[in-house]
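Peer 1: So for the sequence shown, the numbering used here puts the first residue at 2; every next one is plus one. Glycine residues also receive a C-beta, built at the ideal position from the N, C-alpha and C atoms.
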Amino acid sequence: MRAAALVGACVLALTACGDGDDKLAPVSARSSMGLAIYPSYDATGVKPDSTVTVNGTYGRLDEVQVFDSEGTVISGAFSEDRSAWVAGRRLAPNEQYTVIARGTSENGSAVSQTSKFSTLQVAAKNQTGSTLISPPDGSTVGIAQPVVVAFNHNIVNREAALQALTVETSEEVEGGWYWIDAREVHWRPKEYWPTGTKVTVTENLVGMDLGDGEWGVSRRENSFTVGREQFIKVDVKRRELTVVRNGKTIKRVDVSTGKPGWETRNGIKVIMDKELGKIWTNDAIDAPENYRLRSSYALRMTNSGEFLHDATWNGRIGSANTSHGCVGMSLSDMRWMFSNTIIGDPVVTIGSPKKFTEIWNRYQDWNVDWDQWETGNFDLSDG
Numbered sequence: 002m003r004a005a006a007l008v009g010a011c012v013l014a015l016t017a018c019g020d021g022d023d024k025l026a027p028v029s030a031r032s033s034m035g036l037a038i039y040p041s042y043d044a045t046g047v048k049p050d051s052t053v054t055v056n057g058t059y060g061r062l063d064e065v066q067v068f069d070s071e072g073t074v075i076s077g078a079f080s081e082d083r084s085a086w087v088a089g090r091r092l093a094p095n096e097q098y099t100v101i102a103r104g105t106s107e108n109g110s111a112v113s114q115t116s117k118f119s120t121l122q123v124a125a126k127n128q129t130g131s132t133l134i135s136p137p138d139g140s141t142v143g144i145a146q147p148v149v150v151a152f153n154h155n156i157v158n159r160e161a162a163l164q165a166l167t168v169e170t171s172e173e174v175e176g177g178w179y180w181i182d183a184r185e186v187h188w189r190p191k192e193y194w195p196t197g198t199k200v201t202v203t204e205n206l207v208g209m210d211l212g213d214g215e216w217g218v219s220r221r222e223n224s225f226t227v228g229r230e231q232f233i234k235v236d237v238k239r240r241e242l243t244v245v246r247n248g249k250t251i252k253r254v255d256v257s258t259g260k261p262g263w264e265t266r267n268g269i270k271v272i273m274d275k276e277l278g279k280i281w282t283n284d285a286i287d288a289p290e291n292y293r294l295r296s297s298y299a300l301r302m303t304n305s306g307e308f309l310h311d312a313t314w315n316g317r318i319g320s321a322n323t324s325h326g327c328v329g330m331s332l333s334d335m336r337w338m339f340s341n342t343i344i345g346d347p348v349v350t351i352g353s354p355k356k357f358t359e360i361w362n363r364y365q366d367w368n369v370d371w372d373q374w375e376t377g378n379f380d381l382s383d384g
């Protein structure tokens, strides 16, 4: 090794120039391996975003183990010459860790060192985690389904939070994150998902400084698959719904959309949920009429309450727009729609004077221009 060669050179020089009485320690006495572990032994209040490191001198690291009080292991990587080891992820708050390092000295002797330390104590009210990753793990969704991550607290350091989120796809898909509000962020492709794409969403907030004394504590992973290509098109003026699958029209349905003052919104919506036995009341939307009605099948399109549903009470389906914003149709047509629609299918509405513009009204994502979406809405100026 270079260090040993330099020491040897000094020995020769001193022998030649000295008086011959100096006696130098042999090189082997300096060859016992030194180990330095960070954080140090018995350290307390260690910030969770600290990185565990082990450095060795005059030897080679053979093994490094890092684990918490429950035995959960933190993996890491050695340097090429195995003189150093660096942990691969952050620490958790309110936790105790043990580090065990083992190595072999240049003189062949085995060395080991153990360190124990504890991380910063963070109160429950300052522990931030995800409460939802959507779509659910193992699901198959339509081509317009956004990735949704929701949090239990407002996120102040939104740029940092996105560093903890990854979207991996089985084929190359251009996309990006956009903050809907301080507790929810969405990822969508620039264009609709390619059919058959397999997607894995990973969230690892553990140990991340999220600002205002908030620290990340959660770790999740969901995988889903994009299904067949299907569009649902609603023409308000023609009072007609068309279903197009893989480029072919497979269904046409007469409908009744929103009446004046309650118009169905123009734009791209996404099927969010499927419900059976849905009850409609005037109280739910503050309508002036007094009513209580029931649909056997309902497909939600917005948080504010736009649905596709059967409207057996409506005698003017196909001839007049008389609803409070929903798209109503016959029972048989809606039964077919319910069976042939999946979460994430896009619903494209045209012909209405009312636009779908409110970003808070999930999912308005596809009505945001891509140039704007790429900005991320970190300042929440949209919404």
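1. Going by C-alpha to C-alpha distance, which of 267, 368, 257, 57 sits closest to residue 334?
2. Taking residue 339 as the reference, give the member of 75, 272, 34, 241 with the closest Cα.
3. Out of 73, 63, 50, which has the shortest C-alpha to C-alpha gap to residue 80?
4. Skipping 5 residues on each side, what residues in its chain have a beta carbon closer than 8 Å to that of residue 178?
5. Under 8 Å by Cβ, that's how I've got residue 88 and residue 67 pegged, so tell me the actual separation to the nearest angstrom.
6. Assuming contact is defined by CB atoms lying nearer than 8 Å, are residue 210 and residue 247 in contact in what I supplied?
7. Quick one: residues in its chain with C-beta nearer than 6 Å to the C-beta of residue 283, no 5 flanking neighbours on either side, listed in chain order?
8. Given this structure, state the Cα-to-Cα distance separating residue 278 from residue 308, to the nearest angstrom.
9. Are the beta-carbon atoms belonging to residue 245 and residue 234 less than 8 Å from one another?
10. When burial is assigned at 16 or more other CB atoms within 10 Å of the CB, is residue 42 buried or exposed?
11. Suppose contacts are defined by Cβ-Cβ distances below 8 Å. Is residue 127 in contact with residue 214 by that definition?
12. Could you tell me which whole beta strand (DSSP E) segments of length 3 or greater appear in the stretch 18 to 93?
13. Could you tell me which uninterrupted beta strand (DSSP E) segments, each at least 3 residues in length, are contained entirely in the stretch 131 to 215, listed from first to last along the chain?
14. Is residue 344 buried or exposed, if buried means 16 or more other CB atoms sit within 10 Å of its CB?
15. Look at the alpha carbon of residue 40 and the alpha carbon of residue 131, and state the distance between them as a whole number of angstroms.
16. Out of 325, 199, 193, 319, state which residue places its alpha-carbon closest to the alpha-carbon of residue 347.
17. Assign residue 353 to one of three DSSP states: helix, strand, or coil.
18. Within 10 angstroms of the Cβ of residue 361, are there 16 or more other Cβ atoms? Answer buried if so, exposed if not.
19. Classify residue 239 as buried or exposed, calling it buried when 16 or more other Cβ atoms lie within 10 Å of its own Cβ.
20. For residue 374, I'd like the list of residues in its chain whose CB is within less than 7 Å of its CB, leaving aside the five on either flank, ordered along the chain.
21. Cutting at 7 Å between CB atoms, please list the residues of its own chain near residue 255, excluding the five before and the five after it.
22. Taking all protein chains shown into account, do 16 or more other C-beta atoms lie within 10 angstroms of the C-beta of residue 204, making it buried, or fewer, making it exposed?
23. In terms of residues, what are the limits of the alpha helix (DSSP H) holding residue 283?
24. Quick one: residues in its chain with C-beta nearer than 7 Å to the C-beta of residue 380, no 5 flanking neighbours on either side, listed in chain order?
Peer 2: Let me spell this out:
1. As a first step, residue 334 is located in the sequence shown; it is residue number 333 there, counting from the start. Considering only alpha carbons, the answer is 257.
2. Your numbering for residue 339 matches position 338 in the sequence shown. Residue 339 has its Cα closest to that of 272, out of 75, 272, 34, 241.
3. In the sequence shown, the residue the question calls residue 80 occupies position 79. Per the C-alpha coordinates, the member of 73, 63, 50 positioned closest to residue 80 is 63.
4. Translated into positions along the sequence shown, residue 178 becomes position 177. Excluding its 5 nearest sequence neighbours in each direction, residue 178 has C-beta neighbours in its own chain below 8 Å: 163, 166, 186, 187, 188, 377, listed in chain order.
5. Reading the sequence shown from its first residue, position 87 is the one you call residue 88. Reading the sequence shown from its first residue, position 66 is the one you call residue 67. At roughly 6 Å, the Cβ-Cβ gap stays under 8 Å, so residue 88 and residue 67 are in contact.
6. Your numbering for residue 210 matches position 209 in the sequence shown. Your numbering for residue 247 matches position 246 in the sequence shown. Result no, Cβ atoms of residue 210 and residue 247 do not sit closer than 8 Å.
7. Along the sequence shown, read from residue 1 onward, the residue named residue 283 stands at position 282. Sequence-distant Cβ neighbours of residue 283 in its own chain, meaning closer than 6 Å and more than five residues away, are 290, 291, 292.
8. For the purposes of this step, residue 278 is taken as residue 277 along the sequence shown, with counting starting at 1. For the purposes of this step, residue 308 is taken as residue 307 along the sequence shown, with counting starting at 1. Across the structure, residue 278 and residue 308 are spaced so that their CA atoms are roughly 13 Å apart.
9. The residue you call residue 245 lines up with position 244 of the sequence shown. The residue you call residue 234 lines up with position 233 of the sequence shown. Result yes, Cβ atoms of residue 245 and residue 234 sit closer than 8 Å.
10. As a working mapping, residue 42 is identified with position 41 in the sequence shown. Residue 42 should be labelled exposed.
11. Within the sequence shown, residue 127 is the residue found at index 126, counting from 1. Within the sequence shown, residue 214 is the residue found at index 213, counting from 1. Between residue 127 and residue 214, the C-beta spacing is below 8 Å.
12. Residue ranges of uninterrupted beta strand (DSSP E) with 3 or more members, entirely inside the stretch 18 to 93 and ordered along the chain, are 35 to 39, 54 to 58, 60 to 69, 77 to 79, 85 to 88.
13. Those beta strand (DSSP E) runs which fall completely within the stretch 131 to 215 and span 3+ residues are 131 to 135, 148 to 152, 166 to 170, 176 to 182, 185 to 190, 199 to 205, 210 to 212.
14. In the sequence shown, residue 344 corresponds to position 343, counting from 1. So residue 344 ends up on the buried side.
15. Residue mapping note: residue 40 aligns to position 39 of the sequence shown, counting from 1. Residue mapping note: residue 131 aligns to position 130 of the sequence shown, counting from 1. Each residue's alpha carbon lies about 28 Å from the other.
16. Mapped onto the sequence shown, residue 347 falls at position 346. Taking only the C-alpha atoms, the option nearest residue 347 is 193.
17. The residue you call residue 353 lines up with position 352 of the sequence shown. In the three-state reduction of the DSSP assignment, residue 353 falls in the coil class, being assigned neither a helical nor a strand state.
18. The count along the sequence shown starts at 1 and reaches residue 361 at position 360. Here residue 361 is exposed. Its C-beta has fewer than 16 other C-beta atoms within 10 Å.
19. Start at 1 with the first residue of the sequence shown, and residue 239 comes out as number 238. Under this definition residue 239 is an exposed residue.
20. Taking the sequence shown and counting its residues from 1, one reaches residue 374 at position 373. The residues are 177, 179.
21. Here residue 255 refers to the residue found at position 254 when the sequence shown is read from its first residue. Counting only Cβ-Cβ distances below 7 Å, and skipping sequence neighbours, we find 240, 241, 318, 319, 330.
22. The residue labelled residue 204 in the question sits at position 203 within the sequence shown. Answer is buried; the Cβ neighbour count reaches 16.
23. Within the sequence shown, the letter at position 282 stands for residue 283. Taken as a continuous stretch (DSSP letters only), the alpha helix (DSSP H) holding residue 283 covers 283 to 286.
24. Working through the sequence shown from its first residue, we reach residue 380 at position 379. The same chain holds no residue with a CB closer than 7 Å to that of residue 380 once the five nearest residues on each side in sequence are set aside.
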